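Number of protein chains: 2
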Amino acid sequence: MQRLSTRDPGFEEAFARVVDDRRESATDVAADVAAILKDVRTRGDAALAELTAKFDGHDLDATGWQVSAQDCKAAFDALDPDLRTALELAAERIRAYHEAQLPENRDYTDAAGVRLGAVWRGVDAAGLYVPGGRAAYPSSMLMNAIPAKVAGVERLVVVTPTPKGEANALVLAAAHLAGVDEVWRVGGAHAVGALAYGTARIAPVDVITGPGNAWVAEAKRQLYGVVGIDMVAGPSEILVIADGKNDPVHTAADLLSQAEHDPTSQSILITDDAAFAEAVAEAVESELSKLSTEGTARTSWNDNGVIVVVENFDEAPALANRLAAEHVEIATDDPEAIFARIRHAGSVFLGRMTPEAVGDYVAGPNHVLPTGRRARFSSGLSVLDFMKRTSFIQLNEAALGAVGPAAVALAEAEGLPAHARSVSVRLEK
Amino acid sequence: MQRLSTRDPGFEEAFARVVDDRRESATDVAADVAAILKDVRTRGDAALAELTAKFDGHDLDATGWQVSAQDCKAAFDALDPDLRTALELAAERIRAYHEAQLPENRDYTDAAGVRLGAVWRGVDAAGLYVPGGRAAYPSSMLMNAIPAKVAGVERLVVVTPTPKGEANALVLAAAHLAGVDEVWRVGGAHAVGALAYGTARIAPVDVITGPGNAWVAEAKRQLYGVVGIDMVAGPSEILVIADGKNDPVHTAADLLSQAEHDPTSQSILITDDAAFAEAVAEAVESELSKLSTEGTARTSWNDNGVIVVVENFDEAPALANRLAAEHVEIATDDPEAIFARIRHAGSVFLGRMTPEAVGDYVAGPNHVLPTGRRARFSSGLSVLDFMKRTSFIQLNEAALGAVGPAAVALAEAEGLPAHARSVSVRLEK
Numbered sequence: 015m016q017r018l019s020t021r022d023p024g025f026e027e028a029f030a031r032v033v034d035d036r037r038e039s040a041t042d043v044a045a046d047v048a049a050i051l052k053d054v055r056t057r058g059d060a061a062l063a064e065l066t067a068k069f070d071g072h073d074l075d076a077t078g079w080q081v082s083a084q085d086c087k088a089a090f091d092a093l094d095p096d097l098r099t100a101l102e103l104a105a106e107r108i109r110a111y112h113e114a115q116l117p118e119n120r121d122y123t124d125a126a127g128v129r130l131g132a133v134w135r136g137v138d139a140a141g142l143y144v145p146g147g148r149a150a151y152p153s154s155m156l157m158n159a160i161p162a163k164v165a166g167v168e169r170l171v172v173v174t175p176t177p178k179g180e181a182n183a184l185v186l187a188a189a190h191l192a193g194v195d196e197v198w199r200v201g202g203a204h205a206v207g208a209l210a211y212g213t214a215r216i217a218p219v220d221v222i223t224g225p226g227n228a229w230v231a232e233a234k235r236q237l238y239g240v241v242g243i244d245m246v247a248g249p250s251e252i253l254v255i256a257d258g259k260n261d262p263v264h265t266a267a268d269l270l271s272q273a274e275h276d277p278t279s280q281s282i283l284i285t286d287d288a289a290f291a292e293a294v295a296e297a298v299e300s301e302l303s304k305l306s307t308e309g310t311a312r313t314s315w316n317d318n319g320v321i322v323v324v325e326n327f328d329e330a331p332a333l334a335n336r337l338a339a340e341h342v343e344i345a346t347d348d349p350e351a352i353f354a355r356i357r358h359a360g361s362v363f364l365g366r367m368t369p370e371a372v373g374d375y376v377a378g379p380n381h382v383l384p385t386g387r388r389a390r391f392s393s394g395l396s397v398l399d400f401m402k403r404t405s406f407i408q409l410n411e412a413a414l415g416a417v418g419p420a421a422v423a424l425a426e427a428e429g430l431p432a433h434a435r436s437v438s439v440r441l442e443k
Numbered sequence: 015m016q017r018l019s020t021r022d023p024g025f026e027e028a029f030a031r032v033v034d035d036r037r038e039s040a041t042d043v044a045a046d047v048a049a050i051l052k053d054v055r056t057r058g059d060a061a062l063a064e065l066t067a068k069f070d071g072h073d074l075d076a077t078g079w080q081v082s083a084q085d086c087k088a089a090f091d092a093l094d095p096d097l098r099t100a101l102e103l104a105a106e107r108i109r110a111y112h113e114a115q116l117p118e119n120r121d122y123t124d125a126a127g128v129r130l131g132a133v134w135r136g137v138d139a140a141g142l143y144v145p146g147g148r149a150a151y152p153s154s155m156l157m158n159a160i161p162a163k164v165a166g167v168e169r170l171v172v173v174t175p176t177p178k179g180e181a182n183a184l185v186l187a188a189a190h191l192a193g194v195d196e197v198w199r200v201g202g203a204h205a206v207g208a209l210a211y212g213t214a215r216i217a218p219v220d221v222i223t224g225p226g227n228a229w230v231a232e233a234k235r236q237l238y239g240v241v242g243i244d245m246v247a248g249p250s251e252i253l254v255i256a257d258g259k260n261d262p263v264h265t266a267a268d269l270l271s272q273a274e275h276d277p278t279s280q281s282i283l284i285t286d287d288a289a290f291a292e293a294v295a296e297a298v299e300s301e302l303s304k305l306s307t308e309g310t311a312r313t314s315w316n317d318n319g320v321i322v323v324v325e326n327f328d329e330a331p332a333l334a335n336r337l338a339a340e341h342v343e344i345a346t347d348d349p350e351a352i353f354a355r356i357r358h359a360g361s362v363f364l365g366r367m368t369p370e371a372v373g374d375y376v377a378g379p380n381h382v383l384p385t386g387r388r389a390r391f392s393s394g395l396s397v398l399d400f401m402k403r404t405s406f407i408q409l410n411e412a413a414l415g416a417v418g419p420a421a422v423a424l425a426e427a428e429g430l431p432a433h434a435r436s437v438s439v440r441l442e443k
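Those protein sequence lines, which keep their order, are chains C and Z.
Start counting the first sequence at 15; every next residue gets the next number (my numbering).
Start counting the second sequence at 15; every next residue gets the next number (my numbering).
Structure below.
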């Protein structure tokens with residue numbers, strides 16, 4: 015963990031390094047992934063079966079290519095009742111937030127008599143990548159699947175690796191709850207390729223979302239334009255802006271809630287109270303020892319954790335904007351004052367009683383958020399990622415008379431006479 | 015030009031080929047572009063100067079790296095008055111449409127006492143690529159720059175190649191009108207790299223939009239995630255759905271308005287009237303001979319043009335949805351009836367007096383639209399491409415008491431104890 019203070023003469027250089035280091039590891043898998051995608055595009059299901067045998071150690075023809083809807087329902091029915099209630103509360107709140115997010119169609123006629131508008135529609139089919147292993151979270155299933163269904167997606171397809179054929183029961187239960195239509199036992203770059211190009215068994219989709227390893231992320235990047243994709247995601251991050259009135263244990267727990275995700279996760283505290291900074295550092299140590307995820311969390315904190323002591327919180331927004339973090343907690347008396355000056359953040363958690371983890375599960379907003387400083391230009395997952403907009407225009411003779419001549423003049427100036435004629439032939443009497 | 019009829023026994027196969035052929039030429043420039051981007055990232059302005067000397071044949075230090083604001087204003091002031099009025103009308107109408115498109119922020123407290131919301135903000139800086147040569151259109155400058163400015167982008171940067179140092183005066187005039195902040199005389203993949211990574215002279219931007227050749231498109235694709243980009247664009251397309259009551263010359267002019275863009279453009283007519291189909295085919299021939307763009311338009315029409323005769327217009331929406339065309343004109347008595355069944359289209363032009371070209375210039379909606387069947391999942395350029403959304407959450411003690419226990423249960427089920435503790439330590443009394 016790195017301790018910085020804005021009073022230090024070397025602060026600017028050290029902080030710039032923290033900002034610039036926030037890049038993904040440049041695992042160069044582009045060529046491997048290109049070869050896999052080509053293979054899946056050419057050989058379809060045969061390639062999927064071979065790659066699944068190789069990477070996941072099972073025979074799709076024996077284990078079954080799909081997990082059935084009945085199996086998903088059975089997993090849901092078998093949930094511990096408290097957990098089922100929690101999952102249902104999460105689903106209900108996520109659905110409500112995303113329903114309120116649905117964009118409105120427009121249709122109006124302006125002063126020139128031109129009718130203008132836009133219609134939003136869900137895509138026909140969406141594919142969700144659900145990782146196996148450590149990152150197989152039922153909450154991620156809800157956060158990807160529910161916005162798609164709210165957007166009006168008719169066919170919602172999950173691909174997920176099932177090492178040795180074993181599927182994650184919690185994820186299947188969440189798939190049932192979210193209304194997923196198909197679950198395929200394939201993972202990796204080849205599964206992403208199958209979703210984009212389609213195979214004999216798996217019909218192609220229009221949009222692919224969901225987290226994955228470097229191969230999955232690269233496959234999505236390479237297929238951008240063949241399908242729509244959500245933003246490429248990197249390691250998780252939290253920035254906590256907290257004054258000395260907070261309980262150090264609360265702040266420590268919040269920092270560790272990101273650190274336990276992955277050794278590459280990053281937790282940063284900005285405080286105006288040097289004594290509080292030390293109290294949090296101590297609380298992190300005592301909290302760490304209580305966690306079953308101690309190993310991961312400790313590595314993350316030791317390698318990537320940062321505590322910045324500022325002279326006062328006036329300095330905080332500029333630092334936060336440079337970090338453009340995925341999650342920003344503001345635990346001060348007047349969080350609104352700082353929030354108003356934060357331009358770049360995936361999601362902001364206001365006040366002392368809003369730990370970031372409530373946003374991961376039950377608050378309602380999406381937990382798929384821009385990482386690696388991408389909050390400068392991108393947004394969390396939303397219904398818009400599963401929708402597209404068609405604009406429309408309608409003119410009558412009077413409206414074309416009003417605006418048509420300008421179109422003719424511009425088309426001629428651009429050297430496009432057929433554009434000009436398509437208007438002028440209609441203006442001739 | 016290809017003539018199809020849904021009555022033909024071979025129709026399904028032939029139409030499927032039309033749909034599937036709608037792919038971009040797979041010019042493989044990925045490796046070249048990766049090398050150029052690496053060079054610009056490493057050597058910055060020195061690389062830009064060398065590549066500009068090589069591709070555009072001028073010395074940036076001699077011609078000047080930037081076109082000054084005064085030069086853009088001078089180009090605007092020197093416009094023919096009619097053309098200036100036309101450009102101003104276009105700018106005003108584009109601005110009005112995109113202002114109406116601005117998304118609303120949300121801020122509400124739900125029944126559980128949880129405050130939820132989202133704030134939209136413009137990105138800090140955007141870069142627009144403006145091609146040199148054939149595709150240097152002032153209308154494209156307006157269609158990219160005005161949404162960025164409406165979105166609230168503070169710094170709007172244009173890069174454009176100026177072969178032999180010569181800039182396109184119309185484009186500079188449009189840059190002045192649209193309020194562009196910087197115009198750099200650099201083009202190609204290296205210019206895109208400079209916008210994304212920044213150089214000593216050119217500060218980096220957050221979003222890059224605008225059309226370009228295969229190198230430019232590939233550079234944007236490779237930089238997706240480093241910056242935000244608009245959708246990769248392919249050759250322009252129009253689908254005209256027209257009955258026999260239209261003037262064949264009007265329909266022919268509309269088909270040719272796309273054909274004249276590029277030899278790879280595609281124009282398709284769907285009609286329920288075989289005699290009208292022949293009349294349009296004849297009108298295309300006579301119209302072609304009137305065009306200064308005849309060569310391009312004829313190649314496009316001969317190579318890619320299609321006329322489909324349907325039994326009746328009930329068949330049209332399904333065909334249109336498979337094509338998912340950039341532009342769809344519906345010139346029938348009741349265009350609304352067909353429009354209601356079209357799920358996939360970039361922009362729709364309703365009625366007999368709405369030639370697509372009015373949308374290119376003066377109607378108001380954006381003319382940057384999804385091509386190559388991407389209307390299945392993507393939308394035309396809008397203010398949203400230059401904005402990002404930050405969600406926010408605020409709980410008090412009561413709200414955390416209401417929803418917190420569910421978060422604890424889910425975090426524990428996912429094996430994330432620090433997530434659980436960040437909530438439970440706040441619930442303890």
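All C-beta atoms in this analysis are idealised placements derived from N, C-alpha and C, irrespective of residue type, glycine included.
Everything numeric in this text was worked out from a predicted model, so none of it was measured.
Query, Result
"Rounded to whole angstroms, what's the CA-CA distance from residue 446 of chain C to residue 343 of chain C? Just pull it up for me.", "As shown, chain C starts at 15 and ends at 443. That puts residue 446 of chain C outside it, with no answer to give."
"Please list the partners that residue 410 of chain C has in chain Z, where partner means a Cβ-to-Cβ separation under 8 Å.", "365 and 367"
"Quick one: which chain Z residues come within Cβ less than 8 Å of residue 307 of chain C?", "429, 430, 431 and 432"
"Residues of chain C with CB under 8 Å from residue 391 of chain Z, in chain order?", "137, 220, 221, 241, 242 and 402"
"According to DSSP, simplified to helix, strand and coil, what is residue 402 of chain C?", "strand"
"Could you confirm whether any beta carbon from chain C is found closer than 8 Å to the beta carbon of residue 251 of chain Z?", "no"
"Find the residues of chain C that neighbour residue 203 of chain Z, judging by a C-beta separation of less than 7 Å, and give them in chain order.", "Those within 7 Å of residue 203 of chain Z in chain C number zero; the least Cβ separation is about 16 Å."
"Assign residue 174 of chain Z to one of two classes, buried (16 or more other C-beta atoms within 10 Å of its C-beta) or exposed (fewer than that).", "buried"
"Where do the N-terminal and C-terminal ends of the beta strand (DSSP E) with residue 280 of chain C fall, by residue?", "280-285"
"From residue 349 of chain C to residue 99 of chain C, what distance separates their C-alpha atoms?", "32 Å"
"Can you tell me which of the three DSSP states residue 13 of chain Z falls into?", "It is not possible to answer for residue 13 of chain Z, since the shown part of chain Z is limited to 15 through 443."
"For residue 319 of chain C versus residue 281 of chain C, is the C-beta distance shorter than 8 Å?", "yes"
"Express the C-alpha separation of residue 435 of chain Z and residue 269 of chain C in angstroms, rounding to a whole number.", "11 Å"
"Count the other C-beta atoms from every protein chain shown that fall within 10 angstroms of the C-beta of residue 119 of chain C, then say buried if there are 16 or more, exposed otherwise.", "exposed"
"Would you report the Cα separation of residue 97 of chain Z and residue 424 of chain C, rounded to the nearest angstrom?", "7 Å"
"Taking 8 Å as the limit between beta carbons, can you name the residues of its chain near residue 236 of chain Z, skipping five residues before and five after?", "44, 47, 48 and 51"
"Just to confirm my understanding: we take residue 126 of chain Z, look at its own chain, exclude 5 residues before and 5 after, and list those with CB closer than 7 Å. What are they?", "413, 416 and 417"
"Which complete alpha helix (DSSP H) runs does the region 228-267 of chain C hold, if anything under 4 residues is left out?", "228-237"
"How should residue 122 of chain Z be labelled, buried or exposed, when 16 other C-beta atoms within 10 angstroms of its C-beta is the threshold for buried?", "exposed"
"So is residue 284 of chain C in contact with chain Z if we call contact Cβ pairs under 8 Å?", "no"
"Is the number of C-beta pairs between the region 396-408 of chain Z and the region 127-146 of chain Z that are closer than 8 Å three or more?", "yes"
"Are the CB atoms of residue 196 of chain Z and residue 167 of chain Z nearer to each other than 8 Å?", "no"
"Nearest-angstrom Cα distance between residue 165 of chain C and residue 221 of chain C?", "12 Å"
"Tell me the DSSP secondary structure of residue 123 of chain C in three-state form.", "strand"
"Applying a beta-carbon distance threshold of less than 8 Å, which residues of chain C neighbour residue 15 of chain Z?", "Per Cβ cutoff of 8 Å: no residues; residue 15 of chain Z is ~15 Å from chain C at best."
"Output yes if chain Z places a C-beta closer than 8 Å to the C-beta of residue 274 of chain C; else output no.", "yes"
"Just checking: is the beta-carbon of residue 211 of chain Z within a distance shorter than 8 Å of some beta-carbon in chain C?", "no"
"For chain C, is any of its Cβ atoms less than 8 Å away from the one on residue 327 of chain Z?", "no"
"For residue 374 of chain Z, does the count of other Cβ atoms within 10 angstroms reach 16, so buried, or fall short, so exposed?", "buried"
"So if DSSP puts residue 408 of chain Z in a beta bridge, which residue, or which two residues, is it bridged to?", "C:364 and Z:129"
"So what does DSSP say about residue 32 of chain C, is it helix, strand or coil?", "helix"
"Below 8 Å on the Cβ atoms is my contact criterion, and I expect residue 439 of chain Z with residue 371 of chain C to pass it. Report the Cβ-Cβ distance as a whole number of Å.", "Not quite, the Cβ-Cβ distance comes to about 11 Å (not below 8 Å), so this is no contact."
"Take residue 198 of chain C as the anchor and find which of C:398, C:181 and C:307 has the nearest alpha-carbon.", "C:181"
"Per DSSP, which one or two residues make a beta bridge with residue 433 of chain Z?", "According to DSSP, which records beta bridges pairwise, residue 433 of chain Z is partnered with nothing at all."
"Take residue 66 of chain Z and list the residues in its own chain whose beta-carbon comes closer than 6 Å to its own, dropping the five residues that flank it on each side.", "74 and 200"
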